[in-house]
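**Student:** Supplied in structure tokens, the structure appears directly below.
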Amino acid sequence: MERRKFTREFKLEAARLIRDRGVSYMQAARDLSVHQSQLRNWVKAFADDPLLESRQRLGREDRRRRFVVDTLVIERLGTALVVYRSINCTIRLASF
């Protein structure tokens, strides 16, 4: 039986899955059908890789953007809830 060969891109994506997304080695190994020790070797091997670092930096920037958007959505929902409560209270008072 011939050994499987993985492309550099596949290994980088596997390392990114673990480093950036926080997927456990065990889960990633199951999902990718590789051994955990192989994944650990790839993460170590690509630790200083500029491509992985730039993607990690982009991941952080995306998380910051999502946080800002989520915060704005929460603020708008809070405002909408206050308006809804005041309208609801007005309707209740008007029905008496």
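The sequence shown begins at 21 in our numbering and counts up one residue at a time.
We put the beta carbon where it would ideally sit given N, CA and C, even for glycine.
Keep in mind the model is a prediction, meaning the values are calculated, not measured.
(1) Between which two residues does the alpha helix (DSSP H) holding aspartate 51 run?
(2) For aspartate 51, tell me which candidate among Gly98, Ala34, Phe66, Ala100 has the shortest Cα-Cα distance.
(3) When the distance is taken between beta carbons, is methionine 46 closer than 8 Å to glutamine 56?
(4) I'd like the span of the alpha helix (DSSP H) that includes phenylalanine 30, first residue to last.
(5) Would you mind reading off the limits of the alpha helix (DSSP H) that contains arginine 24?
**Tutor:** For this structure:
(1) What you label residue 51 is simply residue 31 of the sequence shown in a count that begins at 1. Unbroken alpha helix (DSSP H) run through aspartate 51: 45 to 52.
(2) Taking the sequence shown and counting its residues from 1, one reaches residue 51 at position 31. The option with the nearest alpha carbon to aspartate 51 is Ala34.
(3) The residue given as residue 56 occupies position 36 in the sequence shown. The residue given as residue 46 occupies position 26 in the sequence shown. Yes; because the gap between Cβ atoms is below 8 Å, this pair is in contact.
(4) For the purposes of this step, residue 30 is taken as residue 10 along the sequence shown, with counting starting at 1. Unbroken alpha helix (DSSP H) run through phenylalanine 30: 28 to 39.
(5) Stepping through the sequence shown from its first residue, residue 24 is reached at position 4. Careful: arginine 24 lies outside any alpha helix (DSSP H) and carries neither H nor E.
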